[in-house]
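Working notes for the structure below.
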Amino acid sequence: MFNRERRFLSGFDFAKFTRGATKEGLHLHSQTVQAIAEEYATRRRQFRKVRLSWRKSTGSRRSLGWIPFKKVAIQVAHGQIRFAGRWLSLWDSYGLDGYQIRAGNVSEDARGRWYLNACVAVPVAGPTERSTAWARTWASTWGLEDLVATSAGEKLPAPQFYRGLEAKLAIAQRAGKKNRVRAIHAKIGNRRKDSLHHFSTQLVRGHSAILWVTSMPPRS
Numbered sequence: 297m298f299n300r301e302r303r304f305l306s307g308f309d310f311a312k313f314t315r316g317a318t319k320e321g322l323h324l325h326s327q328t329v330q331a332i333a334e335e336y337a338t339r340r341r342q343f344r345k346v347r348l349s350w351r352k353s354t355g356s357r358r359s360l361g362w363i364p365f366k367k368v369a370i371q372v373a374h375g376q377i378r379f380a381g382r383w384l385s386l387w388d389s390y391g392l393d394g395y396q397i398r399a400g401n402v403s404e405d406a407r408g409r410w411y412l413n414a415c416v417a418v419p420v421a422g423p424t425e426r427s428t429a430w431a432r433t434w435a436s437t438w439g440l441e442d443l444v445a446t447s448a449g450e451k452l453p454a455p456q457f458y459r460g461l462e463a464k465l466a467i468a469q470r471a472g473k474k475n476r477v478r479a480i481h482a483k484i485g486n487r488r489k490d491s492l493h494h495f496s497t498q499l500v501r502g503h504s505a506i507l508w509v510t511s512m513p514p515r516s
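Residue numbers (the numbering used here): 297 to 516.
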């Protein structure tokens, strides 16, 4: 197509070539195939390349698993999800039965663990006396000692989470234990995310309006 017409195929164009693929033994939902085709078409236009080095399945540069889905392709019931005709068990820590699942994806991390990432519909709470009383703007600045500081004096320190696992990481790296190195890096990342989530949740629950202002610390 590109050599003949000098244009990239769109996601709609790819749909013509992938029609019927799920009926011929490809165990994926048809909308998942469409979503992957749309993503591929988008990246080709973005990088202006006819052939992408995309979704490698083997080797040191293997791409992590990623399976997108749309609202009608997934069903949640009894602590399981039904996708592409199969029921899959998962650790349902949020009680997904109480939410309406929308579009999302199933993704893999570097340790080979799979996660369900989805947008959900939640009821919108009306204004309350507390949220109205605290309706003000907040500002945060990036600093050296504090990661975030609000205009109300609330601060989130910038702990170096890797320090506590630095020795174990060095031992695993010297021993060439790649799986152990990945596990330690994942633990460091999880600690960092947990700290940020706790602080952001505290701000959201305590105030109805938040304004983030990012600035770089002054050079010494």
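A virtual CB, placed ideally from N, CA and C, is assigned to each residue, including glycine.
To the nearest angstrom, how far is it from the Cα of Trp362 to the Cα of Ala369? Taking the sequence shown and counting its residues from 1, the one referred to as residue 362 is at position 66. Taking the sequence shown and counting its residues from 1, the one referred to as residue 369 is at position 73. So the alpha carbons of these two residues sit roughly 15 Å apart.
Under 8 Å: do the stretch 460-469 and the stretch 395-403 share three or more Cβ pairs, one atom per stretch? Segments in contact, no.
At what residues does the alpha helix (DSSP H) containing Gly485 begin and finish? Start at 1 with the first residue of the sequence shown, and residue 485 comes out as number 189. Run containing Gly485: 474-502, per the alpha helix (DSSP H) assignment.
Between which two residues does the alpha helix (DSSP H) harbouring Ala331 extend? Here residue 331 corresponds to residue number 35 of the sequence shown, with the count starting at 1. Ala331 -> alpha helix (DSSP H) spans 326-343.
Beta-carbon spacing of Phe313, Ala337 below 7 Å: To locate residue 313, count along the sequence shown from 1; it is residue 17. To locate residue 337, count along the sequence shown from 1; it is residue 41. Taking 7 Å as the Cβ cut-off, Phe313 and Ala337 do not qualify as a contacting pair.
What first and last residue would you give for the beta strand (DSSP E) that runs through Glu404? Mapped onto the sequence shown, residue 404 falls at position 108. It spans 396-404 - the beta strand (DSSP E) in which Glu404 sits, taken as one unbroken run.
How is Leu305 classed by DSSP in three states: helix, strand or coil? As a working mapping, residue 305 is identified with position 9 in the sequence shown. Coil.
Measure the beta-carbon distance from Tyr411 to Ser403 and round it to whole angstroms, keeping in mind my assumption that it falls under 8 Å. As a first step, residue 411 is located in the sequence shown; it is residue number 115 there, counting from the start. As a first step, residue 403 is located in the sequence shown; it is residue number 107 there, counting from the start. The beta-carbon separation of Tyr411 and Ser403, rounded to 6 Å, stays under the 8 Å limit for a contact.
Shortest alpha-carbon distance to Ala264 belongs to which of Trp350, Glu450, Ala482? The structure shown does not extend to residue 264, since the chain spans only 297 to 516, so no value can be given for it.
DSSP three-state label for Gly316, please. Within the sequence shown, residue 316 is the residue found at index 20, counting from 1. DSSP places Gly316 in coil when its eight states are reduced to three.
Could you tell me the boundaries of the alpha helix (DSSP H) in which Leu465 lies? Here residue 465 refers to the residue found at position 169 when the sequence shown is read from its first residue. Annotation for Leu465: the continuous alpha helix (DSSP H) segment containing it runs 462-471.
Tell me whether Val372 is buried or exposed, calling it buried when 16 or more other Cβ atoms sit within 10 Å of its Cβ. To locate residue 372, count along the sequence shown from 1; it is residue 76. Buried: at least 16 other Cβ atoms inside 10 Å.
Could you give the DSSP three-state label for Arg367: helix, strand or coil? Numbered from 1 along the sequence shown, position 71 holds the residue referred to as residue 367. Reading off the sequence, residue 367 comes out as Lys, not Arg. DSSP places Lys367 within a helical segment (H, G or I) once states are collapsed to three.
Just the Cα atoms here: how many angstroms apart are Val477 and Ser389? Position 181 of the sequence shown, counting from 1, holds the residue named residue 477. Position 93 of the sequence shown, counting from 1, holds the residue named residue 389. Val477 and Ser389: Cα-Cα distance of roughly 27 Å.
Ends of the beta strand (DSSP E) at Pro453? Stepping through the sequence shown from its first residue, residue 453 is reached at position 157. For Pro453, the uninterrupted beta strand (DSSP E) segment begins and ends at 451-453.
CA-to-CA distance, Leu360 to Thr497, given in whole angstroms: The residue given as residue 497 occupies position 201 in the sequence shown. The residue given as residue 360 occupies position 64 in the sequence shown. C-alpha of Thr497 to C-alpha of Leu360: approximately 29 Å in a straight line.
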